[in-house]
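What follows is a set of notes on a single structure, which appears directly below.
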Amino acid sequence: MKKLLSQAIVCSIFLFLVIGLVSCEDDDTVSTDETVIVKSINGLDKNAGFGIQGDSLVLLGQNFDKVTSANLIGEGNPIKLTINNTINTNFRLIFILPNLENSDVVYGSKQLVLSGSSIDDETIDFDLRVPGRQFEPGAVFISNFDGLGFEEAGSDKWGCYGSQTSSGESSDDEYGNYIQFIWDGNPSPGFGGCFSGTFPATGIEEVNPLNMAIAFDADVNGVLGTLFTVIAQNRAGEQYTADITVNEEGWQEFSITFASFRLASDPEARIIPAEVGQMLIAINQYTGVGPATLNVDNIRFVPLN
Numbered sequence: 012m013k014k015l016l017s018q019a020i021v022c023s024i025f026l027f028l029v030i031g032l033v034s035c036e037d038d039d040t041v042s043t044d045e046t047v048i049v050k051s052i053n054g055l056d057k058n059a060g061f062g063i064q065g066d067s068l069v070l071l072g073q074n075f076d077k078v079t080s081a082n083l084i085g086e087g088n089p090i091k092l093t094i095n096n097t098i099n100t101n102f103r104l105i106f107i108l109p110n111l112e113n114s115d116v117v118y119g120s121k122q123l124v125l126s127g128s129s130i131d132d133e134t135i136d137f138d139l140r141v142p143g144r145q146f147e148p149g150a151v152f153i154s155n156f157d158g159l160g161f162e163e164a165g166s167d168k169w170g171c172y173g174s175q176t177s178s179g180e181s182s183d184d185e186y187g188n189y190i191q192f193i194w195d196g197n198p199s200p201g202f203g204g205c206f207s208g209t210f211p212a213t214g215i216e217e218v219n220p221l222n223m224a225i226a227f228d229a230d231v232n233g234v235l236g237t238l239f240t241v242i243a244q245n246r247a248g249e250q251y252t253a254d255i256t257v258n259e260e261g262w263q264e265f266s267i268t269f270a271s272f273r274l275a276s277d278p279e280a281r282i283i284p285a286e287v288g289q290m291l292i293a294i295n296q297y298t299g300v301g302p303a304t305l306n307v308d309n310i311r312f313v314p315l316n
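In this note's numbering, the protein residues as written are 12 to 316.
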């Protein structure tokens with residue numbers, strides 16, 4: 012009886028091990044989802060029909076490492092777009108839109124078709140506008156208030172704070188939409204300005220603040236010498252600041268490397284570009300310069316390497 016009981020126990024253990032091994036083998040053979048998914052498009056907007064010849068087209072998503080070819084399709088022959096594997100990752104693809112004047116593809120309705128040996132085709136429909144202003148290759152837009160950028164940081168997600176007469180989204184026929192903060196000249200709040208909504212991961216892997224900049228257009232209508240502060244907030248809620256003095260009138264383009272931002276509690280600390288999740292642009296009201304109106308547009312991250 013004892014011998015039979017021992018044999019039963021041994022058989023049970025053996026069956027348990029076999030079942031366990033089979034289960035492990037089954038787990039190992041489960042294939043991962045290789046579907047290419049486009050979560051965000053920077054450089055064109057499918058609804059607004061935004062796209063600029065010679066500008067960069069940045070796609071954020073997943074499984075882009077499976078993509079082996081990309082073609083721009085419209086009237087005429089398809090145009091093969093170059094995939095630069097030195098700057099692309101599995102969740103970011105960057106293309107440079109072709110010079111359409113020298114191609115068969117004309118402006119208007121277009122399709123971008125991504126293909127790969129292990130994936131089904133992913134097709135993106137959009138309208139390509141006539142060439143306009145060109146931005147930096149690889150720029151990832153946070154907000155341009157015309158539909159380009161992250162939805163969570165879009166025009167209806169921006170807010171304003173501090174001493175003000177009126178603020179919010181504004182526009183003009185020549186320039187388009189932008190965010191506006193009007194300071195009434197009261198210095199008691201110390202700071203007042205505009206802040207974006209919290210946006211998702213930008214698709215940027217960069218951790219070196221020397222290799223990434225924040226760029227934007229700004230128009231400060233006030234006394235020359237107005238000082239405004241750009242604030243980059245990481246996902247832990249820490250705010251890193253950099254100051255800009257306005258010495259010219261009218262719209263200007265500003266660019267600041269993330270290495271220039273400082274944390275008040277630790278001046279030696281530097282923000283990691285990949286961890287930025289909110290942007291604020293404020294007027295420094297301690298300077299005594301005012302009142303002033305701050306208009307901001309085309310807020311974007313620009314890789315420098």
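We treat Cβ as the ideally placed atom computed from N, Cα and C, and that holds for glycine. No experiment lies behind these values; they were computed from the predicted model shown.
Please classify residue i: does DSSP put it in a helix, a strand, or coil?
i, result
"P189", "In the sequence on display, residue 189 carries Tyr and not Pro. Three-state DSSP puts Y189 in a strand."
"A270", "helix"
"D254", "strand"
"T79", "coil"
"T237", "coil"
"E286", "helix"
"N93", "Here residue 93 turns out to be Thr, not Asn, going by the sequence shown. Three-state result, T93: coil."
"T46", "coil"
"V41", "Per-residue confidence for V41 stands at a pLDDT of 43, beneath the threshold of 50, marking its modelled position as unreliable; no derived number is given."
"E260", "coil"
From the DSSP secondary-structure annotation, give me the bridge partner or partners of residue i.
i, result
"D132", "DSSP, once it has assigned bridges, lists no residue as partnering D132."
"R103", "L71, T100"
"F265", "F227"
"P314", "M223"
"N232", "T304"
"S276", "Partner(s): none; S276 has no beta bridge."
"L291", "F206, I242"
"I84", "Q122"
"E137", "Looking at the sequence shown, residue 137 is not Glu but Phe. DSSP lists K121 as partners of F137."
"Q160", "Strictly speaking, residue 160 in this sequence is Gly, with Gln absent from that position. Partner(s): S154."
"G127", "I130"
Take the Cβ of residue i as the centre, count every other Cβ of all protein chains shown within 10 Å, and call the residue buried at 16 or more, exposed below.
i, result
"R246", "exposed"
"Y186", "exposed"
"F269", "buried"
"V218", "exposed"
"Q207", "The displayed chain sequence assigns Ser, not Gln, to residue 207. With 16 or more other Cβ atoms within 10 Å, it is buried."
"I225", "buried"
"Y297", "exposed"
"I282", "buried"
"P211", "exposed"
"N95", "exposed"
"A275", "exposed"
"E279", "exposed"
"I98", "exposed"
"T79", "exposed"
"T46", "exposed"
"T237", "buried"
"I260", "Per the sequence presented here, residue 260 reads as Glu, with Ile not at that position. E260 is exposed by the Cβ-count criterion."
"N88", "exposed"
"N258", "exposed"
"N309", "buried"
Could you tell me how far apart the beta carbons of residue i and residue j are, in whole angstroms, since I believe they sit closer than 8 Å?
i, j, result
"N74", "I48", "7 Å"
"I130", "K77", "5 Å"
"S154", "G165", "6 Å"
"V307", "Y189", "6 Å"
"T304", "N232", "4 Å"
"T209", "E163", "6 Å"
"I267", "V241", "6 Å"
"F102", "L71", "6 Å"
"W194", "I292", "With a Cβ gap of about 12 Å, W194 and I292 do not count as contacting."
"I255", "F239", "6 Å"
"F272", "Y251", "4 Å"
"N120", "G160", "Reading the sequence as shown, one finds Ser at residue 120 and not Asn. Not a contact, Cβ separation roughly 23 Å."
"L315", "M223", "6 Å"
"F192", "Q175", "6 Å"
"F152", "R311", "5 Å"
"A81", "L123", "7 Å"
"C205", "S177", "That belief does not hold up - the Cβ atoms of C205 and S177 are roughly 12 Å apart, past 8 Å."
"A253", "V287", "Actually they do not touch by this definition, with Cβ atoms about 13 Å apart."
"P284", "P200", "In fact, because the Cβ distance is near 29 Å, the residues do not count as touching under 8 Å."
Under 7 Å: does the beta carbon of residue i sit that close to some heavy atom of the ligand GTP?
i, result
"G203", "Absent from the structure shown: the ligand GTP. Ligands present: none."
Are the C-beta of residue i and some C-beta of chain C separated by less than 8 Å?
i, result
"N316", "Going by chain labels, chain C is absent from the structure shown, which holds only one protein chain."
Ordered list of beta strand (DSSP E) runs contained in the region 163–228, each at least 3 residues: Counting only runs of 3 or more residues that sit fully inside the region 163–228, the beta strand (DSSP E) segments are 170–172, 178–183, 187–194, 202–206, in chain order.
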